[in-house]
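Numbering (my numbering), first residue to last: 1 to 72.
Here it is as structure tokens:
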């Protein structure tokens, strides 16, 4: 299946009938983080990583990186 189909199916499993109070924004966050973990864009701190979304090429210029989460 394609990425959008997988995301839709994953969202249905995340927002099961007993978890219908989850907001759309939080559901989106859960699905994105799950995808980033599967793709290796996040390495959990328990596995020696920083637990942050990162681009391996970012930060090579020595400039400080803004790693704060922003909530729209």
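Glycine included, every Cβ here is placed at the ideal spot set by N, Cα and C.
Here the alpha carbons of residue 20 and residue 27 stand approximately 10 Å from one another. Note on geometry: alpha-carbon atoms of residue 49 and residue 39 lie some 14 Å from one another.
Straight through space, the alpha carbons of residue 37 and residue 45 are spaced by roughly 12 Å.
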